[in-house]
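So the sequences go chain by chain: A and B.
With the working numbering as the guide, the letters of the first sequence map in order to residues 2 to 342.
With the working numbering as the guide, the letters of the second sequence map in order to residues 13 to 341.
Every residue, glycine too, gets a C-beta built ideally from N, C-alpha and C.
Contents: one structure, followed by commentary.
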Amino acid sequence: MVRELDFAGAINEALRQEMARDETVIVLGEDIGVFGGIFGCTKGLLEEFGEKRVRDTPISESAIIGAAIGAALGGLRPVAEIEFMDFIGLAMDQIFNQLAKIRYMFSGSMKTPVVIRTPCGSRYPATSGAAQHSQCLEAWFMHVPGLKVVMPSTPYDAKGLLINAIRDDDPVLFIEHKLLYYARRMPTLREKYPSMICHVPEEEYAIPFGQADIKREGRDVTIVATMMMVHKALNVANDLAKQGIDVEVIDPRTLIPLDKQAIIDSVKKTGRVVIASEDCKTGGVASEIASVVMEVAFDYLDAPIQRVSALDVPIPYSPILEGVAIPQEKNIIDAIKRIVG
Amino acid sequence: MSNKTQDLTKETLVDLYIKMVKIRKFEEAAAELWGEGLIPGLVHLYIGEEAVAAGACANLRKNDYITSTHRGHGHLIAKGGDVKKMMAELLGRRTGYSKGKGGSMHMCAPEIGVMGCSGIVGAGILIATGLGLAVELKQTDQVVLCFFGDGATNTGAFHEGMNMAALWKLPVIYVCENNLYAISVSTSRSTSIKNIAERATAYGIPGVIVDGMDVLAVYEAVKKAVNRARRHEGPTLIECKTYRFRGHFEGDPKRGGIYRSEAEMMEWEKKCPIKNFKAKLIENGVLTEAEIEEIERKCAEEIQEAVKFAKDSPYPSPEEVLEDVFISL
């Protein structure tokens, strides 16, 4: 029988295996110890590795990141958790003025192998998080040179990318889409998006950064999608196949570094591209990827680039509103219909 | 002024004096270079505060850590930094500590435990706390000494760091250089209490007030805190009352005279840590006038060599702009 893990299980296994392999790996954050993490990602680590290496912290986001930086300078490899990405603002100075810049402003004299894990995104239709527990803020961090930005979409990718992040000597922001945690506890979700739970090898493996994964090959149109949008894009691809439209789905997996070549190659093949990302449209991830395509592959485009992103509004509470604010399959289909045909 | 020269070896006393003089000469040279337009960026000078860095760092071993601030030249010199590399950095040269990428506010020397300065007030408090966590996990007897100013104690970073270090009993000595002004705003107009050391009570750790113009007083207070930290008994907050004789930055009009009275400045200059320590060394027969002069001459010479080294050093080449953003990408 094929061994399957859900998203949190894959994260948990990567942490456990890396902590067992390397005693300098520690984890710290809010509710990660006794409670096992608000989404269960650090369950069992305290029991296995003890409270010196598994640190429940005060609600001090700035100190969580600052302490992780100092600990890294002192020779450890900390994995710090910001409980919701929406809370990351409280730690911003430590992230963008310290962590991201230490390598450069001291010209290579020091290294800070810190991983910041943080859950982002809307949990629609599982539950409503509203304006301060649902945001996708990854675009902010693409704008800060010195940080690697990783955002897996499947349990398989999550394990391999997290192991790679922990072993990386540069700072890594590791973003986990919250809805991906819900596949196990919400069977209808898994039915709708079967790849939310997938085969994950038990042995350790590292997926290098900067390598996009073609989640589905196709000839007619490219969808570049991240995190939860990958699963939505795959559904769209299956639906449109019935109408004779052959969709390619590419997951960059890491925004920094970005596998520009894989995206360009796909665009050269299909001539049409939709970029699906759950952050707000203005100044967002899709805008950046669209610019890359325009600069490099303009001559290969047969139609305007389409961005499918969240509306430029704070995430609303009522499911009726939230479902509209967050990009859905329908929005991807509309975008494709605008440029194919 | 504490009069405990008899408790310390001559070597320690002389070293304290040398460190303070070297810092003073370095800063005077930096002021001069800034005036000549040879320093392309901002410099915050440490003149007047030398006793704090010298007295504090004299308690540290090479592998003990410090974190520093935007006013960090004194800390780096006191921990054993190379004045040539420092001066070259101020001039933006490739031979500088940060190969010209950092400038005055961004130098580090991990080989002697200097784990960076920061232009963001209070940021180092958290990084020092994390260094303490590393020491705690590695179970060594290293300590971390964290310098910051009075302004930093009004940031959230101060509170978060103090609470965390006290909670986890981390081996950190928090040394607040209270020079009475956060840029232009006096502590009386920015800070809810008179003595910053009293804030230690909130975290259940010792808080100590020290005359920061008295190098021996600083030395003694930090010594106690270092011993406590080495025994894994937790952090200490030490407030050194001090004063900067220059403005907040070079170029600050009237040396800060817009927000400080002439009388106040003159009053503090009488407390010059170097002048007073010199008198004490002579009075107690530790050094003669001639020996003092020799020390000052040597320090001046070393700094002049550093200036020459910096001026003769090449600038970075433009293609270096892309180096060291990542270790590998």
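Item, Value
"Could you compute how far the alpha carbon of Ile224(A) sits from the alpha carbon of Glu82(A)?", "31 Å"
"Below 8 Å, can you find three or more Cβ-Cβ pairs linking the segment 264-284 of chain B to the segment 89-103 of chain B?", "no"
"According to DSSP, what are the bridge partners of Arg118(A)?", "Glu82(A), Phe175(A)"
"Once the 5 residues before and after Val237(A) are set aside, which same chain residues still bring their CB inside 6 Å of it?", "Glu330, Ile333, Ile334"
"State yes or no: is the beta carbon of Arg273(A) nearer than 7 Å to at least one beta carbon in chain B?", "no"
"Quick check on Asp300(A): does DSSP put it in helix, strand or coil?", "helix"
"Cα separation between Lys323(B) and Leu334(B)?", "24 Å"
"According to the neighbour-count rule (16 or more other Cβ atoms, all chains shown, within 10 Å of its Cβ), is Ala144(A) buried or exposed?", "The question names Ala, but residue 144(A) in the sequence shown is His. By the neighbour-count rule (16 or more Cβ atoms within 10 Å), His144(A) is not buried but exposed."
"Which residue wins for smallest C-alpha separation from Gly272(A), given the options Ala69(A), Gly122(A), Gln307(A)?", "Gln307(A)"
"Measure how close the beta-carbons of Leu187(B) and Val64(B) come, nearest whole angstrom, since I'm counting them as under 8 Å.", "Correcting the residue identity first, residue 187(B) is Val in this sequence and not Leu. Going by Cβ atoms, the distance from Val187(B) to Val64(B) rounds to 7 Å, so yes, they are a contact pair."
"Chain B partners of Lys53(A), CB-CB under 9 Å?", "Glu148, Leu149"
"Identify each residue in the segment 102-115 of chain A for which the Cβ-Cβ distance to at least one residue of chain B is less than 7 Å, and report them in chain order.", "Ile103, Arg104, Tyr105, Met106, Phe107, Ser108, Gly109, Ser110, Met111, Lys112"
"Return helix, strand or coil for Lys233(A), following the three-state DSSP convention.", "helix"
"Going along the chain, which residues of its own chain have a beta-carbon closer than 7 Å to the beta-carbon of Cys199(A), five neighbours each way excluded?", "Glu5, Thr155, Pro156, Tyr157"
"Would you call Met278(B) buried or exposed, if buried means 16 or more other Cβ atoms sit within 10 Å of its Cβ?", "exposed"
"If Val275(A) sits next to Ala336(A), beta carbons under 8 Å apart, how far is it from one beta carbon to the other, in whole angstroms?", "5 Å"
"So Arg17(A) and Leu46(A) are in contact, right, with Cβ under 8 Å, and what is the actual spacing, rounded?", "6 Å"
"Just grab the DSSP bridge partners of Glu249(A) for me.", "Thr223(A)"
"Please report whether the beta-carbon of Gly30(A) lies at a distance below 7 Å from any beta-carbon of chain B.", "no"
"Taking beta-carbon pairs under 7 Å, can you tell me which members of the segment 152-169 of chain B lie near chain A?", "Gly168, Ala169"
"What does the Cβ neighbour count give for Val35(A), buried or exposed, with the cut at 16 atoms within 10 Å?", "exposed"
"Of all the CB atoms in chain A, is at least one closer than 7 Å to the CB of Leu192(B)?", "no"
"List the residues of chain B whose Cβ lies closer than 8 Å to the Cβ of Ala72(A), in chain order.", "Gly142, Leu143, Leu145, Ala146, Leu149"
"Using a Cβ-based criterion (distance less than 6 Å to any ligand heavy atom), does Leu256(A) qualify as near the ligand HEM?", "No copy of the ligand HEM occurs in the structure displayed, which carries no ligand at all."
"Excluding the five sequence neighbours on either side, which residues of its own chain have a C-beta within less than 6 Å of the C-beta of Lys91(B), listed in chain order?", "Cys69, Ile78, Ile124, Val126"
"Which of helix, strand or coil does DSSP assign to Leu196(B)?", "It is worth fixing the name first, because residue 196(B) is Ser in this sequence and not Leu. The answer is coil: DSSP assigns Ser196(B) none of H, G, I, E or B."
"Does the distance from the CB of Gly142(B) to the CB of Ala72(A) come in under 7 Å?", "yes"
"Just checking: is the beta-carbon of Leu77(A) within a distance shorter than 7 Å of some beta-carbon in chain B?", "yes"
"Using a Cβ cut-off of 9 Å, pull out every chain A residue sitting near Ile89(B), in sequence order please.", "Those within 9 Å of Ile89(B) in chain A number zero; the least Cβ separation is about 17 Å."
"Ignore the nearest five residues each way along the sequence and tell me which others in Glu19(A)'s own chain have a CB closer than 7 Å to its CB.", "Val26, Ile164, Ile167"
"At the level of alpha carbons, what is the spacing between Tyr125(A) and Pro320(A)?", "7 Å"
"With Met67(B) as the anchor, note down where its alpha helix (DSSP H) starts and where it stops.", "First, the amino acid is wrong: residue 67(B) is Gly here, not Met. Taken as a continuous stretch (DSSP letters only), the alpha helix (DSSP H) holding Gly67(B) covers 62-69."
"Please report the distance separating the alpha-carbon of Phe338(B) from that of Ser130(B).", "19 Å"
"According to DSSP, which residues form a beta bridge with Asn191(B)?", "DSSP lists no partner for Asn191(B)."
"Where does Thr17(B) fall in DSSP's three states?", "helix"
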